[in-house]
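As structure tokens, the structure follows; a few thoughts come after it.
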Amino acid sequence: MIVIGAGPAGAAAAIQAARGGASVRVFDKAPYGRDKVCGDGLTPRAVAALNELKIDMSDAHRIAGLRMIANKTVRELPWPSGTKFPNHGAVWPRRRLDASLIDAAGEAGAEVIWETEALPEIDDGRVVGVNAGGTKHTADMVVVATGAPGAVGRMLGAERVADEPFGLAIRTYAASPRHASEHLEACLTLKDENGVPVPGYGWMFPAGDGTVNIGVGALSTMKGFKKLNLNNLLESYRGLVQDDWELGPNLERPRAWRLPMSSQKRHGDGWVAIGDAAGLVNPMNGEGIDYGLESGMVASDLFLENPATAPERYDVEVGERFDAFLRTGRRFSFLIGHPWILRSGLRLAVGTEAIANITLQVMGNLVDSETPGVSGMVFRTTDRALGLADPILRRTRATA
Ligand SMILES: Cc1cc2nc3c(=O)[nH]c(=O)nc-3n(C[C@H](O)[C@H](O)[C@H](O)COP(=O)(O)OP(=O)(O)OC[C@H]3O[C@@H](n4cnc5c(N)ncnc54)[C@H](O)[C@@H]3O)c2cc1C
Numbered sequence: 000m001i002v003i004g005a006g007p008a009g010a011a012a013a014i015q016a017a018r019g020g021a022s023v024r025v026f027d028k029a030p031y032g033r034d035k036v037c038g039d040g041l042t043p044r045a046v047a048a049l050n051e052l053k054i055d056m057s058d059a060h061r062i063a064g065l066r067m068i069a070n071k072t073v074r075e076l077p078w079p080s081g082t083k084f085p086n087h088g089a090v091w092p093r094r095r096l097d098a099s100l101i102d103a104a105g106e107a108g109a110e111v112i113w114e115t116e117a118l119p120e121i122d123d124g125r126v127v128g129v130n131a132g133g134t135k136h137t138a139d140m141v142v143v144a145t146g147a148p149g150a151v152g153r154m155l156g157a158e159r160v161a162d163e164p165f166g167l168a169i170r171t172y173a174a175s176p177r178h179a180s181e182h183l184e185a186c187l188t189l190k191d192e193n194g195v196p197v198p199g200y201g202w203m204f205p206a207g208d209g210t211v212n213i214g215v216g217a218l219s220t221m222k223g224f225k226k227l228n229l230n231n232l233l234e235s236y237r238g239l240v241q242d243d244w245e246l247g248p249n250l251e252r253p254r255a256w257r258l259p260m261s262s263q264k265r266h267g268d269g270w271v272a273i274g275d276a277a278g279l280v281n282p283m284n285g286e287g288i289d290y291g292l293e294s295g296m297v298a299s300d301l302f303l304e305n306p307a308t309a310p311e312r313y314d315v316e317v318g319e320r321f322d323a324f325l326r327t328g329r330r331f332s333f334l335i336g337h338p339w340i341l342r343s344g345l346r347l348a349v350g351t352e353a354i355a356n357i358t359l360q361v362m363g364n365l366v367d368s369e370t371p372g373v374s375g376m377v378f379r380t381t382d383r384a385l386g387l388a389d390p391i392l393r394r395t396r397a398t399a
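Going by numbering that gives the first Met the number 0, the sequence shown opens with residue 0, and the numbers climb by one from there.
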């Protein structure tokens with residue numbers, strides 16, 4: 000098996016396949032130790048995936064819950080307990096998280112080749128391997144783990160669906176005496192320079208190493224999205240949290256990147272796409288690490304069973320696991336693109352502690368399918384209602 004991309008998705012696929020006895024080669028165009036622009040936040044679902052991969056998390060900063068802020072309302076919520084997921088999350092700066100994952104792939108026997116761009120070799124419509132640095136390598140299956148769609152996605156037709164929402168987010172680091180706080184903090188009431196509410200949030204993610212990850216993210220469903228200046232949005236958010244967190248200056252230049260939330264295709268003859276390359280990002284919170292880890296493991300498990308049937312079966316299995324949730328999240332993002340819906344929705348979502356807890360569980364995709372409870376009911380009802388409203392949502396989108 001050949002994996003293109005050594006981020007969390009590619010590393011998870013490589014670990015799982017190599018541990019299962021497959022011969023695995025991973026290419027990444029970046030050097031070892033690359034730093035992906037990210038908030039570094041891991042929900043309990045992501046911790047569960049890392050546990051499944053047997054990754055030692057002692058280097059990560061443990062997180063007990065989420066502090067949700069909407070105007071003057073502040074709710075400190077523990078992660079849900081009594082589900083199949085652990086009751087803690089983590090913040091793990093990507094440089095270190097990604098190194099731990101790819102080191103585990105190497106220890107499992109995968110060969111990792113850095114600073115080498117790989118592009119699929121296509122023969123009669125089938126992906127038969129890759130061309131990496133001018134050399135051809137054949138494989139029974141190529142796993143595309145290249146992050147937000149670029150050259151490889153274009154070659155395979157695995158690009159974002161033009162009509163579907165996506166996100167943009169920016170982050171930097173700063174020193175703070177509250178770096179060891181045990182809560183992620185999310186401010187849900189961001190406004191742009193014209194005072195228009197932004198569907199998205201500002202975050203303070205304490206890394207436990209003297210620093211916090213500070214960032215903002217926004218959905219493409221808002222009016223004026225193309226003109227939204229993320230640097231200014233981050234600056235104004237920094238102004239809001241500066242005193243509370245006693246923030247030092249930015250430790251690096253803020254960097255922004257895309258959050259793909261759809262894909263025209265995620266498999267074909269001889270290949271599968273996983274993680275961001277397959278558009279697997281939660282539209283309700285911008286989380287993608289977990290989806291990368293889970294889709295990587297699914298792809299490799301199916302490859303180990305039968306490389307010939309793996310791409311088709313992968314598409315079905317990933318669809319069953321994620322499609323309903325991600326589709327609902329995308330419809331929801333059309334809805335909150337309207338400022339008045341966003342405002343009243345937020346009032347409801349954080350209105351009482353009980354509802355805020357449900358919001359956290361639903362938006363974090365932490366509903367346990369075996370014991371869905373009230374959150375599962377809320378999700379099913381929302382899913383049905385938004386499904387019926389889909390044509391209207393698209394016709395009346397704020398950006399229409
Ligand atoms: C500002 C921001 C904040 C975010 N915060 C969070 C968060 O807090 N929690 C969370 O879960 N998610 C977050 N995300 C999303 C998360 O970063 C991604 O979902 C995650 O990195 C996806 O992992 P991946 O392995 O699919 O892709 P990536 O991590 O992007 O890795 C792709 C790799 O492929 C390599 N590559 C690409 N093309 C080629 C090629 N042709 N040949 C060789 N190598 C190639 C790249 O060099 C790269 O190393 C955030 C995103 C942004 C932009």
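Cβ coordinates follow ideal geometry from the N, Cα and C atoms, glycine included. All values derive from a computational prediction rather than experimental measurement.
Given a cut-off of 8 Å on the beta-carbon distance, is the pair residue i and residue j in contact?
i: residue 209; j: residue 168; result: no
i: residue 217; j: residue 104; result: no
i: residue 126; j: residue 267; result: yes
i: residue 97; j: residue 13; result: no
i: residue 1; j: residue 138; result: yes
i: residue 223; j: residue 282; result: no
i: residue 143; j: residue 271; result: yes
i: residue 405; j: residue 198; result: A query on residue 405 cannot be resolved here, the shown segment of the chain reaching from 0 to 399 and no further.
i: residue 285; j: residue 279; result: no
i: residue 265; j: residue 170; result: no
i: residue 316; j: residue 297; result: yes
i: residue 375; j: residue 260; result: no
i: residue 310; j: residue 140; result: yes
i: residue 251; j: residue 172; result: yes
i: residue 147; j: residue 256; result: yes
i: residue 64; j: residue 76; result: yes
i: residue 345; j: residue 187; result: yes
i: residue 164; j: residue 294; result: no
i: residue 19; j: residue 303; result: yes
i: residue 263; j: residue 158; result: yes
i: residue 25; j: residue 109; result: yes
i: residue 22; j: residue 54; result: no
For residue i, tell me which candidate among the options has the shortest Cα-Cα distance.
i: residue 33; options: 135, 7, 267 and 11; result: 7
i: residue 369; options: 84, 55, 74 and 69; result: 84
i: residue 219; options: 87, 211, 275 and 229; result: 229
i: residue 227; options: 398, 37, 54 and 4; result: 398
i: residue 28; options: 130, 68 and 72; result: 130
i: residue 335; options: 182, 293, 200 and 302; result: 200
i: residue 3; options: 206, 244, 203 and 115; result: 115
i: residue 213; options: 101, 343, 232 and 225; result: 232
i: residue 73; options: 245, 184 and 371; result: 184
i: residue 395; options: 371, 221, 353 and 23; result: 221
i: residue 382; options: 373, 353 and 330; result: 330
i: residue 51; options: 312, 140, 324 and 292; result: 292
i: residue 136; options: 146, 121, 56 and 148; result: 121
i: residue 404; options: 269, 194, 276 and 156; result: Limits of the chain in this structure are 0 at one end and 399 at the other, which puts residue 404 out of reach.
i: residue 189; options: 149, 355 and 67; result: 67
i: residue 207; options: 379, 40 and 15; result: 40
i: residue 118; options: 149, 102, 91 and 364; result: 149
With 16 as the cutoff for other CB atoms within 10 Å, does residue i come out buried or exposed?
i: residue 339; result: exposed
i: residue 81; result: exposed
i: residue 31; result: exposed
i: residue 241; result: exposed
i: residue 248; result: exposed
i: residue 351; result: exposed
i: residue 314; result: buried
i: residue 132; result: exposed
i: residue 390; result: exposed
i: residue 38; result: buried
i: residue 89; result: buried
i: residue 322; result: exposed
i: residue 42; result: buried
i: residue 305; result: exposed
i: residue 153; result: exposed
i: residue 193; result: exposed
i: residue 70; result: exposed
i: residue 145; result: buried
i: residue 124; result: exposed
Which residue or residues does DSSP assign as beta-bridge partners of residue i?
i: residue 313; result: In DSSP, residue 313 forms no bridge with anything.
i: residue 205; result: 211
i: residue 200; result: 216
i: residue 61; result: 89
i: residue 178; result: Beta-bridge pairing links residue 178 to no other residue.
i: residue 270; result: 141 and 267
i: residue 223; result: DSSP output for residue 223 lists no bridge partner at all.
i: residue 41; result: 89
i: residue 136; result: 129
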